[in-house]
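So the sequences go chain by chain: P and F. Per my numbering, residue -5 is the first one in the first sequence, and the count goes up by one each step. Per my numbering, residue 9 is the first one in the second sequence, and the count goes up by one each step. Note sheet for the following structure.
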Amino acid sequence: MSNLLDLLVAGLATGAIYALVAVGFTLLWQTSQTINFAQGEFVMLPAFLMLAVMHAGAPFWLAIILGILLSLLLLGLGFKLLLVDPMLRHGVLPLAIATMALAIGMKEAVKQFFSAEASPFPSIVPAGDVSILGRVVSLQSLGVLALAIAVVIGLTALLNRTSIGHQMQATAQNPTVARIIGVPVERMILLTFLINAFLVALASLLITPIYLAKFSSGEVLGQAAFIAAIVGGFNQVRGAIAGGLLIGVVDNLAAAYVSTQYRAAVPLILLIVIILFRPQGLLGRPEERTV
Amino acid sequence: MTATGKYLRIALGVAVIAALIIVPMNFNRYGLYILSQWAVMTIAAMGLNLTLGYAGQVSLAQGAFVGIGAYAAAIMTTQGMPLVAALAVAIVLCFAIGWILGYPALRVQHHYLAFVTLAFSTLAFLIFRNEDWLTKGIYGISNIPRPNVLGFATNRPLPFYYFCLGSLGIVSLAMWWLIRSPWGRAFVALRENPVRALSLGIDTRRYTLMAFAIGSALGGVAGTLYAPLTQYIDPVPFNLSLSLDLLMMVIVGGSGFFFGPFLGAMIAVLLPEWLRFTQGYYLMLYAVAVILLLIYSPTGILGILDRYLAERRTKAASALRAVAKSRLETAP
Chain P
-5 MSNLLDLLVA GLATGAIYAL VAVGFTLLWQ TSQTINFAQG EFVMLPAFLM LAVMHAGAPF
55 WLAIILGILL SLLLLGLGFK LLLVDPMLRH GVLPLAIATM ALAIGMKEAV KQFFSAEASP
115 FPSIVPAGDV SILGRVVSLQ SLGVLALAIA VVIGLTALLN RTSIGHQMQA TAQNPTVARI
175 IGVPVERMIL LTFLINAFLV ALASLLITPI YLAKFSSGEV LGQAAFIAAI VGGFNQVRGA
235 IAGGLLIGVV DNLAAAYVST QYRAAVPLIL LIVIILFRPQ GLLGRPEERT V
Chain F
9 MTATGKYLRI ALGVAVIAAL IIVPMNFNRY GLYILSQWAV MTIAAMGLNL TLGYAGQVSL
69 AQGAFVGIGA YAAAIMTTQG MPLVAALAVA IVLCFAIGWI LGYPALRVQH HYLAFVTLAF
129 STLAFLIFRN EDWLTKGIYG ISNIPRPNVL GFATNRPLPF YYFCLGSLGI VSLAMWWLIR
189 SPWGRAFVAL RENPVRALSL GIDTRRYTLM AFAIGSALGG VAGTLYAPLT QYIDPVPFNL
249 SLSLDLLMMV IVGGSGFFFG PFLGAMIAVL LPEWLRFTQG YYLMLYAVAV ILLLIYSPTG
309 ILGILDRYLA ERRTKAASAL RAVAKSRLET AP
């Protein structure tokens, strides 16, 4: 049983990071029909930006700030202006393919300009264990979990309690009507891209100390976030959060109880089962059936 | 289309085929390997083009089907069975798996096929990697023999290239026939307007499944050629990125165009070779080129050509109309 609790905490911590990435993913989908196949690489890149700043001699805290700012600039504004805006009118599929190409380009760029090897990355949470109710829990897991939950709560509050959040939701649900009632749709879409960039930068900051900074680390992450978004509900932010946490826990339990070889298969089977029996996702709104 | 245009096309086709046969004759081993790879990838991309371009379904598992075909060929031919038997097994297996995968996915929204195939792609990779008793896991299967075709050994690179090219020819002819058959027309009908296709009495779900299953089977065909081409296979080439690469080939070439996969595979296989002088930068340049192309023309390279031809046709037609009109006006 004690083992199970550790696994749950570790799973929730990873799951919370997946949730951050998955939330950004669903936000982009909702506001601009962008299926971002480079989302995993979006998580990979900020760690390298921060490492680059640190190599230039800056302290860690400054690297974090600059890294997040650069992410907002490149992965938020740049991504929207240079790739999504020119492609959007062509429909969902060409844009999705373009993001696949972007993923390849980003991986190669990091490999070429930085390193093909995995680099260690400092943790913002000090290493060590704390004892809670007589149980020893890794401080890192707890810190990650706490931070991710804080961000998710903040984001949910932004979306549900503020005027900007309501405008963003209106944009996501029906851009035409939103525009008619005076919502600055363009600005709201840009804002979702910036939020996504912020979320991936944060996820990068949290997950890289655990898995090291490597050019190819986005592949696994992107797929986990993708599965989390579908399992939870592609069209709901809370669905993506639930999906992320669930996938994190399932993944960790599978590694312990199924087999390390097939741990990656368990979330995929979960995905197929969900699509069979609840295609809109656990918390998603049902979409109309096909003909 | 005028008669001269038709003859011009036939002449162009004959010239390209002749060039594909004659030019590689004095290529070195590596050049022939790349060209054979192009032929194999074109077959896989043609299958995906049927699924995506003609039936309008996104499949992210074409690479997995290539893998299934490759493992079928590798396992069976190293046991001494003929490649033809492996081909039959690969086709039946991929068709059946395609059908089973597509059935639940297409019950709901169309884009769920993309999700299900994405999951399947990774599952297939895990099976290739972990089922050592069948696939020898990460060590891979080596010494895959090349077949004897009609009494000719294809061990050397040039005969094997002709074998790949011949297979590509046969698949192309079959595909040409298929998309002009009532089935092919039904595929296009359900891409263009599924509701209307249904109202015309087309069983849309069955035809969509059929397109996906046939496309998957072609992935298997490509796989059975891939294994004797490389003569060694391990799980790595058949991961998700192969499926994404194949998808890019179809889109870049021009999905829904018959010759799209030929061009797309050419760009994906040959362009990195041409860009090799840029050393580590070639994949980056490739990615940038793909993005720029898609921004300029989301329907791919053949889309550009198609647009140009359509414009010219409209201009020619309006010129003819102007002439006819002026004749009418000047007529007594």
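Glycine included, every Cβ here is placed at the ideal spot set by N, Cα and C.
Euclidean distance between Cα positions of residue i and residue j
i             : j             : result
residue 249/F : residue 206/P : 22 Å
residue 273/P : residue 124/F : 11 Å
residue 151/P : residue 185/P : 15 Å
residue 78/F  : residue 161/F : 20 Å
residue 25/F  : residue 243/P : 56 Å
residue 229/P : residue 146/F : 38 Å
residue 134/P : residue 125/P : 13 Å
residue 215/P : residue 34/P  : 5 Å
residue 229/F : residue 174/P : 53 Å
residue 418/F : residue 195/F : Lying outside 9 to 340, the shown extent of chain F, residue 418/F is not represented and no answer is given.
residue 141/F : residue 193/F : 44 Å
residue 341/F : residue 69/F  : Here chain F covers residues 9 to 340 and nothing more, so residue 341/F does not appear.
residue 39/P  : residue 297/F : 21 Å
residue 63/P  : residue 159/P : 22 Å
residue 277/F : residue 268/F : 14 Å
residue 5/F   : residue 48/F  : Missing from the structure shown is residue 5/F; chain F here goes from 9 to 340 and no further.
residue 102/P : residue 211/F : 45 Å
residue 189/F : residue 182/F : 10 Å
residue 253/F : residue 294/F : 12 Å
residue 3/P   : residue 143/P : 13 Å
residue 271/P : residue 113/F : 11 Å
residue 191/P : residue 1/P   : 29 Å
residue 314/F : residue 138/F : 46 Å
residue 42/P  : residue 26/P  : 27 Å
Buried/exposed call for residue i, threshold 16 Cβ in 10 Å
i             : result
residue 23/P  : buried
residue 285/P : Only weak support exists for where residue 285/P lies, its pLDDT of 34 falling under 50; the value from the coordinates is given anyway. Its Cβ having fewer than 16 others within 10 Å, residue 285/P is exposed.
residue 283/P : With a pLDDT of 42 at residue 283/P, under the threshold of 50, the modelled position of that residue is not reliable, and the figure given next carries that caveat. When all chains shown are included, residue 283/P counts as exposed.
residue 202/P : buried
residue 57/F  : buried
residue 246/P : buried
residue 163/F : exposed
residue 251/P : exposed
residue 107/P : exposed
residue 158/F : exposed
residue 200/F : exposed
residue 167/P : exposed
residue 97/F  : buried
residue 116/P : exposed
residue 46/F  : buried
residue 304/F : exposed
residue 198/F : buried
Enclosing beta strand (DSSP E) for residue i [first to last residue]
i             : result
residue 125/P : 123 to 126
Residue interval of the alpha helix (DSSP H) (run including residue i)
i             : result
residue 150/P : 133 to 155
residue 344/F : Because chain F here runs from 9 to 340, residue 344/F falls outside it and cannot be looked at.
residue 164/F : Premise fails: residue 164/F is in no alpha helix (DSSP H) and is neither H nor E.
residue 244/P : 231 to 251
residue 94/P  : 86 to 107
residue 41/F  : 37 to 57
residue 290/F : 290 to 304
residue 217/P : 212 to 226
residue 272/P : Element bounds for residue 272/P: n/a, residue is neither H nor E.
residue 48/P  : 33 to 49
residue 216/F : 212 to 238
residue 153/F : Here residue 153/F belongs to no alpha helix (DSSP H), and DSSP marks it neither H nor E.
residue 257/F : 248 to 261
Own chain residues within Cβ distance below 7 Å of residue i, not counting five before or after
i             : result
residue 28/P  : 22, 78, 89
residue 119/P : 133, 134, 137, 138
residue 176/F : 47, 50, 51
Proximal residues to residue i (C-beta, below 8 Å), its chain only, five neighbours per side dropped
i             : result
residue 39/F  : 32
residue 85/F  : 91, 94, 152, 153, 155, 235, 236
residue 146/P : 10, 13, 14, 17, 235
residue 276/P : 225, 226, 227, 233, 236, 237, 240, 268
residue 52/P  : 60
residue 55/F  : 70, 73, 222, 223, 224, 225, 226, 227, 229, 230
residue 217/P : 34
Beta-carbon proximity list for residue i, same chain, < 6 Å, skipping 5 on both sides
i             : result
residue 105/F : none
residue 126/F : 68
At which residue ranges does the region 59 to 140 of chain F contain complete alpha helix (DSSP H) runs of 4 or more residues, listed in the order of the chain?
-> 70 to 86, 91 to 115, 120 to 138
Could you name each continuous alpha helix (DSSP H) segment of 4 residues or more that falls completely within the region 162 to 205 of chain P, going from the start of the chain to the end?
-> 169 to 174, 179 to 205
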